[in-house]
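Asks: Top line first, the protein sequences correspond to chains A and B.
Per UniProt numbering, the first sequence starts with residue 1, numbered consecutively.
Per UniProt numbering, the second sequence starts with residue 1, numbered consecutively.
Beta carbons: idealized from backbone N, C-alpha and C, even for Gly.
Since this is a predicted model, take the numbers as computed values, not measurements.
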Amino acid sequence: MQKRNPLFRAQSITGNWRFPKAQRRFTSTSSTHASPSISRTILLLTGASIASGFAGFAWATRQKAIVSLAKPEYGSPQDFQKAIVELKNSFPDKDTVSTDPEDVYAHGFSVNDYHPGFAHSVVVYPSSTEDVVKIVKIANKYHMPIVAYSGATSLEGQFRGHSAGGICVDMALMSEILAINEADSDMARIDLDHSMKYFVMFQTLKASLCFSPQIDPAPTATLGGMISNGCSGTNAVRYGTSKGEWFLNVTVVLPSGEVIKTRRRSRKSSAGFDTTKLFIGAEGTLGIITEVTIRLAPVLPTTVAVVHFPDVRKACEAVKDVMNKGVGIQCVEILDDLFMQAIKNFRPTGRDYPQKDTLFFKLQGYSEASLEESAKVVQEVAEKHGGFGFQLAKDDKDAEEIWDDRKSAHYAGLALIPGCRSLATDVCVPVSRLPDLIYETQQDLKQSGLVAPMVGHVGDGNFHAQLLVTNDADLEIAKQVSARLVHRAIAMDGTCTGEHGVGLGKKKYLVEELGEGTVELMKLVKRTLDPLGLFNPGKLYPDENDSK
Amino acid sequence: MSLFHRCLLQPPRNPQPLPSGASSRPRFVAFTQYSPWSREFPFSWRTRALLQSAVYAIGIVLATNYVDSAWFPKGSGYGSSRDVKIAIEKLKLTFPDTEDGEERVSTHPDVLHEHGSSENSYHPASAHSVVVRAQSTEDVVTIVKIASECKIPVVVYSGATSLEGHFSGASPGSICIDMSEMDKILEIHEADSDLICQAGARWEDINDTLEEKGIPLFFPLDPGPGATIGGMIGTGCSGTNAVRYGTAKAEWFLNLTVVLPNGEVIKTRRRARKSSAGFDTTKLFIGAEGTLGIVTEATLRLAPVLPTRIAMAQFKNVEQAVNAVQDVLNSPYGGNIQCVELLDDDMIHAINVAGFTLKPLPVHDTLFFKIQGDQAAIKLAAKTIAKIVKAHGSTGKFEFSETEEEAKNLWSNRKYALTSTMGAHPGTRCWTTDVCVPVSKLPELVYGTKTDLAEAGLRSTIVGHVGDGNFHALILFSPDDPEEFEKVKEAVHRLVHRALSLDGTCTGEHGIGVGKKEYLAEELGEGTVELMRSIKKAVDPMGLMNPGKLYPDPPTK
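(1) Would you grab the beta carbon distance between serine 127(A) and leucine 173(A) for me? Rounded to a whole angstrom, and I think it's under 8 Å.
(2) Which partner residues of arginine 459(B) appear in the DSSP bridge assignment?
(3) With a floor of 3 residues, list each beta strand (DSSP E) that falls wholly inside the stretch 306-354 of chain A, ordered by position along the chain.
(4) Whole angstroms is fine: what's the gap from glycine 527(B)'s alpha carbon to aspartate 131(A)'s?
(5) Less than 7 Å between the C-beta atoms of valine 140(B) and valine 259(B), yes or no?
(6) If you draw a straight line from the C-alpha of valine 389(B) to the C-alpha of isoleucine 334(A), how long is it?
(7) Would you say asparagine 255(B) faces chain A, with C-beta separation under 7 Å as the test?
(8) Can you check whether the CB of asparagine 352(B) is closer than 7 Å to the CB of proline 360(B)?
(9) If you compare alpha carbons, which of Gly230(A), Leu371(A), Ile260(A) is closest to valine 502(A)?
(10) For chain A, check one thing: does any of its Cβ atoms lie closer than 7 Å to the Cβ of serine 275(B)?
(11) Starting from serine 422(A), trace the beta strand (DSSP E) both ways and give me its first and last residue.
(12) Under a three-way DSSP split, which group does valine 305(B) fall into?
(13) Taking 7 Å as the cut-off, decide whether the C-beta atoms of serine 106(B) and glycine 169(B) are in contact.
(14) Have a look at the DSSP bridge pairing and note the partners of methionine 312(B).
(15) Throw me the rounded Cβ distance for the alanine 489(A) and leucine 445(A) pair, which I believe falls under 8 Å.
(16) Just the Cα atoms here: how many angstroms apart are threonine 495(A) and glycine 278(B)?
(17) With a threshold of 7 Å between beta-carbons, can threonine 302(A) be considered close to chain B, or not?
(18) Listing by chain order, which chain C residues have their CB less than 9 Å from the CB of glutamate 251(B)?
(19) CB-CB under 8 Å to methionine 542(B), same chain, minus the five flanking residues each way: which ones, in chain order?
(20) Taking the alpha-carbon positions, what's the aspartate 93(A) to glycine 117(A) distance?
(21) With DSSP as the reference, label valine 514(B) as helix, strand or coil.
(22) Measuring alpha carbon to alpha carbon, tell me which of Ile329(A), Ser98(A), Lys325(A), Ser175(A) ends up nearest proline 301(A).
(23) Does any residue of chain A have a CB that is nearer than 7 Å to the CB of lysine 283(B)?
(24) Can you tell me the Cα-Cα spacing of lysine 206(A) and glycine 508(B), whole angstroms?
(25) Between glutamate 341(B) and chain A, is any beta-carbon pair separated by less than 7 Å?
(26) Which same chain residues, not among the five before or five after alanine 87(B), have their C-beta less than 6 Å away from its C-beta?
(27) For leucine 195(B), list the residues DSSP reports as bridge partners.
(28) Count the CB pairs spanning the stretch 290-299 of chain B and the stretch 320-329 of chain B that are closer than 8 Å, and state whether there are at least three.
(29) Using 10 angstroms around the beta-carbon of glycine 283(A), count the other beta-carbons present and answer buried if the total reaches 16, otherwise exposed.
(30) Please name the residue in Pro304(B), Leu524(B), Gly290(B), Ala250(B) whose C-alpha comes closest to that of aspartate 280(B).
(31) Flag glutamate 297(B) as yes if its beta-carbon sits less than 7 Å from any beta-carbon of chain A, otherwise no.
(32) So, is the C-beta of leucine 442(B) closer than 7 Å to a C-beta in chain A?
(33) The beta strand (DSSP E) spanning methionine 454(A) covers which residue range?
(34) Is the separation between the beta-carbon of glutamate 499(A) and that of serine 276(B) shorter than 7 Å?
(35) Hey, could you find the ends of the alpha helix (DSSP H) lysine 387(B) is sitting in?
(36) Could one say the Cβ of isoleucine 428(A) lies closer than 7 Å to chain B's Cβ atoms, at least one of them?
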């Protein structure tokens, strides 16, 4: 169509031009001047056609440029003001739309990370999928960025505001469990980036003898956030991550405002590529998740065991051996000697652990007898690899106490240096490379002079170094250490992020990790779904200059 | 009078009165005076000029339109038959015959036919124009580039075990890439429990190789025998092990190397077991049926091999059996169940008649359990299963195989199910269905289906992966009875709708291909299908990758 428009225009231009000419011809009585006039007409016609052809070409090319991800065009501050008025009109309840500076600020920043950021322009609290659709439509109308917010436990700035301002969609009100189908071991729930806190869910489910296993990221994380982040946690070694099959389907509000449900409720389906997976790990850049059906697993009896090792390598080898025995391991965590010291300081009344690299096992089984059997296997394998001081929890209370030692690691670490903050790293490599990675990182840390205890989901090859910083100089050093760590992990065929996501913090590593082609494919999908670039802009996808 | 006057603007209206005959003309002829070319045009010369130029403008637009559509036909967007010939010549030049005289590019009619149609599916199929055997990712890139230069569709072929016409040719002519020579295992990382192989490798060969090398690991996806890794990814397969290990859509494929439609090669991820680095593009190609790119290499995660034993229980009806399965899976031993398979009474009868197995079984609806774990766990699990099935009214003896030999014999009943069905009904062919529903809905579905098939007078056997809510009805028909074939088609159609109304899917593990396209919009909703289509369009704008499969034709408006 664009091709033809200019042509049409060329016609009317020449037509107009011809009137005075024609009039002159009429007033003249002679016909001898006809031919120069015609050739001039033809010349002008041709010229105009070519000119408008170029104009049309330029116009068509410019259309494409707008769609590029590099420079989305957002509305002006005046547009945003109009959008806020329209939001307030659409949601008459005055608590639903908030522009209170404190509220707006709190939704854009996190004490857990150090990324630069901006506050949102407005925070909206939808209570249904329809509400989210309304918000998305208003965002579309005024070209306003839109960022979903829920548990706010993320570490990579996933819910930062955009420099242009934008709408923050707080999913707090969408925390209802809609249906639990015990016979099918699944349940549907609303959440949004999300809502119901995980531990609440955990308890609810315990009552019905089920729990949702892959989902044990940080406490208070919500389902929407967990999906968007592609999270995992300590249970991943047994149950895999959110990129596995724990989310049967999601209901998503697309950037166009359309609502889709990605799949039905059967446990498996070969009906084409699974669009559910498109939204897992997309960090809210492709759509806003409003409902989820999650698959559940039976709750099994568990117990906890601790064993110490002279070094990380021996511990990792023991883990590899144990895993291949096929005994029931739900979690296996490594804490380095520094962390063990920190825990001792932090919980002085607790157990007296030797300050050595230590493995915490959570064993699962169908009975006390089988747990004991598993524990025996673990102990044998550990001792074969130089493990010592094996302790098995005597009862449930004991188990809980030992596991609490593991869980308190984060705060124990922070207590090592009073008044410090921490910068968490999150690399993951093939499990056989983990000892090398930890060893090299420890060397690097020693040279940098930072205090940095380490904890690892060693069964998956994922570990976190908690880089403790007290001032800006330290923070600068910590950032450099973290960057070197990422490069080291990628060189070992690993990833810059095992479970925290990309957000603002890791996008500069994405091309190095995945390659230009894969990143370009991701951007292509993003452009296709969100041509205006409104959904959580600035996150996940590397900037153009990162890729060069 | 100038040429200009004559052809563009007629002389001004004759000021003299109209000839007297004018008034006697019929009324409609009087309208001709309003033609801007008419001598009696009643308005000013400006109006005349304007109207004339408008007509010319419209004429020019129409002419341009016509020329445009004649020179750049929108039709299929694919190359003409001449382009197909050019593509074949280019391929032959690029891939000369091997030294021992074997063709790498074949246009032999038998080869073309064999690569484009399947004995196992009954969908309309057409042959390819040419078959090329690829030996490396670079070969695939070259072929894709030639195909996009000539605008010829590309279809990948490897195990050819698919049932929904996934690899049939495209109508204007297509290039078929045969991956059978890309079947190497490239690296095995025992310490990381993963393995890198080419897309043409068969899953059975991979597991055999691991066993031969004494590596106590295996790849747990087990679709039909002969399936290759590339095909398993394309279909989003699963199998009997899915109840314990999940499907191809889980985390068994750590990364893929893919040739995109533009000829670019990408590796979707690295080798770490988990990564939160954005949405996982690996998953885009799992289940995409070769419509978004061609998978040439994959990194597979492996699981430890555990000892297994088999147990068998029989029931009066399917409902009892399925309910027992739910209790078993939600018991503390759920994690020890590697497979649960349901064979209905018709199937057991067929197995007895076909006689591939050692001893005949009582003809009842039967469950086979594959239990994994150490000896103690297996025994305890078997005891618990025995208790649960009894509570659900199992009939006869609960069979448990103590030794490996016994286990193999008992499992052979399940293994020979398909061949027994054919063996017990010689001269028939069979249509395999593949619906899947939430497990609690399975009894309703199986019961409804059996009744429906009986009413339609069709013979069938049923085998189900009941732990996942997935089952296959093998509906038999005689090849020379078109009426019966029609009945089968209708019954399958009703079965799919029954599954969809129970919140299920039209395909649990066989994929969409040509056969299930019509159900996709009903199952997923127009919005989700449109999302899939728009991704397809973005990744493959020329639509060259396996056209006509997976995506339903857009609704006609």
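Replies: Concretely, from the data shown:
(1) 4 Å
(2) Looking at the DSSP assignment, arginine 459(B) forms a beta bridge with Leu476(B).
(3) 329-335
(4) Going by the C-alpha atoms only, they are around 19 Å apart.
(5) yes
(6) 42 Å
(7) Asparagine 255(B) does not count as touching chain A.
(8) yes
(9) Gly230(A)
(10) yes
(11) 421-424
(12) coil
(13) For the pair serine 106(B) and glycine 169(B), the CB atoms are not nearer than the 7 Å cut-off.
(14) Phe368(B), Glu399(B)
(15) So it is not a contact: roughly 15 Å between Cβ atoms.
(16) Approximately 11 Å between the Cα atoms of the pair.
(17) Not an interface residue.
(18) Here the protein chains are A and B, and chain C is not one of them.
(19) Gly77, Ser148, Lys151, Pro261
(20) 29 Å
(21) coil
(22) Ile329(A)
(23) Interface residue, yes.
(24) Residue placement at lysine 206(A) is flagged as unreliable, the pLDDT there being 33, under the threshold of 50; a coordinate-derived value is accordingly withheld.
(25) no
(26) Excluding sequence neighbours, alanine 87(B) sits near Ile146, Cys150, Ile152.
(27) Leucine 195(B) is bridged to Ile188(B), Leu300(B).
(28) The stretch 290-299 of chain B is not in contact with the stretch 320-329 of chain B.
(29) In the sequence as presented, glycine is not what sits at residue 283(A); that position holds glutamate. Classification of glutamate 283(A): buried, given that the 10 Å Cβ count is 16 or more.
(30) Ala250(B)
(31) No, no contact with chain A.
(32) no
(33) 454-457
(34) Glutamate 499(A) places its beta carbon less than 7 Å from that of serine 276(B).
(35) In the DSSP annotation of this structure, the continuous segment of the alpha helix (DSSP H) that includes lysine 387(B) starts and ends at 375-391.
(36) Isoleucine is not the amino acid found at residue 428(A); the sequence shown has cysteine there. So, interface residue.
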